[in-house]
Amino acid sequence: MINRIDQELGFSQTALNLRAYRQELLASNIANADTPHYKARDIDFKTALAGALGNAQSGALGLSQTAPGHLPAAGTNRFGAELQYRGEQQASVDGNTVNMDVERAAFAENAIQMEAMLTFVNGRFKTLANALSP
Numbered sequence: 631m632i633n634r635i636d637q638e639l640g641f642s643q644t645a646l647n648l649r650a651y652r653q654e655l656l657a658s659n660i661a662n663a664d665t666p667h668y669k670a671r672d673i674d675f676k677t678a679l680a681g682a683l684g685n686a687q688s689g690a691l692g693l694s695q696t697a698p699g700h701l702p703a704a705g706t707n708r709f710g711a712e713l714q715y716r717g718e719q720q721a722s723v724d725g726n727t728v729n730m731d732v733e734r735a736a737f738a739e740n741a742i743q744m745e746a747m748l749t750f751v752n753g754r755f756k757t758l759a760n761a762l763s764p
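Residues in the sequence shown are numbered from 631 upward in steps of one, following this note's numbering.
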């Protein structure tokens, strides 16, 4: 029974973790809006989710240690999410590519999608609780 519940909520857990990671990236972009030569970063949520769930369609190749003396892959991203750099939309003298309007909109959209996912998970827990109550 517990394994079935874990399987049912595994997708939601992975999706929420990816949403939280994307929120960290977007918050980092906003925090570094005035940092010279900072490049805005983001992930493609759909591709990252497919990679995190183990689909081969993600296109990302992982590094592996082929001998015990090899160093582990440093700097790999969480969930196999490939960091992408946002293109410059408005030229800036200091080389910073953060556009605050784009970042705020992406941050708000991601927060809303995260809240919707949490509402959905909460509903599933309520359904499970009702099914288990006498």
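Just so you know, even glycine gets a beta-carbon here, dropped at the ideal spot from N, CA and C.
Alpha-carbon to alpha-carbon, residue j and residue i
i: Lys-669; j: Val-751; result: 34 Å
i: Thr-696; j: Ile-673; result: 28 Å
i: Tyr-715; j: Pro-764; result: 53 Å
i: Gln-743; j: Val-723; result: 34 Å
i: Gln-720; j: Met-730; result: 11 Å
i: Leu-762; j: Glu-712; result: 41 Å
i: Arg-754; j: Ala-741; result: 20 Å
i: Ser-642; j: Ala-735; result: 23 Å
i: Lys-756; j: Thr-677; result: 30 Å
i: Ala-746; j: Gly-717; result: 29 Å
i: Asn-760; j: Glu-638; result: 17 Å
i: Glu-739; j: Asn-633; result: 32 Å
i: Phe-675; j: Gly-699; result: 34 Å
i: Ala-686; j: Asp-636; result: Bear in mind that a pLDDT of 40 at Ala-686, under 50, signals an unreliable position, so the number given afterwards is only what the model happens to contain. So the two alpha carbons sit approximately 23 Å from each other.
Nearest neighbour of residue i, chosen from the options [CA to CA]
i: Ala-661; options: Glu-733, Gly-640, Leu-646; result: Glu-733
i: Gly-710; options: Leu-679, Glu-739, Ala-721; result: Leu-679
Sequence-distant residues of its chain with Cβ nearer than 6 Å to residue i (five each side left out)
i: Val-728; result: Asn-659, Ala-663, Ala-670
i: Ala-650; result: none
Cutoff 7 Å; reference residue i; Cβ partners in own chain excluding five residues on either side
i: Gly-725; result: Pro-666, His-667
i: Leu-648; result: Phe-675, Ala-678, Leu-679, Ala-682, Phe-709, Ala-711
Cβ-based neighbour list, residue i, same chain, cut-off 8 Å, excluding 5 preceding and 5 following
i: Phe-737; result: Gln-653, Leu-656, Ala-657, Ile-660
i: Leu-748; result: Leu-646
i: Thr-644; result: Leu-679, Ala-682, Leu-683, Phe-709
i: Gly-640; result: none
Counterpart residues of residue i in DSSP-defined beta bridges
i: Arg-649; result: According to DSSP, which records beta bridges pairwise, Arg-649 is partnered with nothing at all.
i: Asp-724; result: Bridge partners of Asp-724: none, in fact.
i: Gln-714; result: Asp-672
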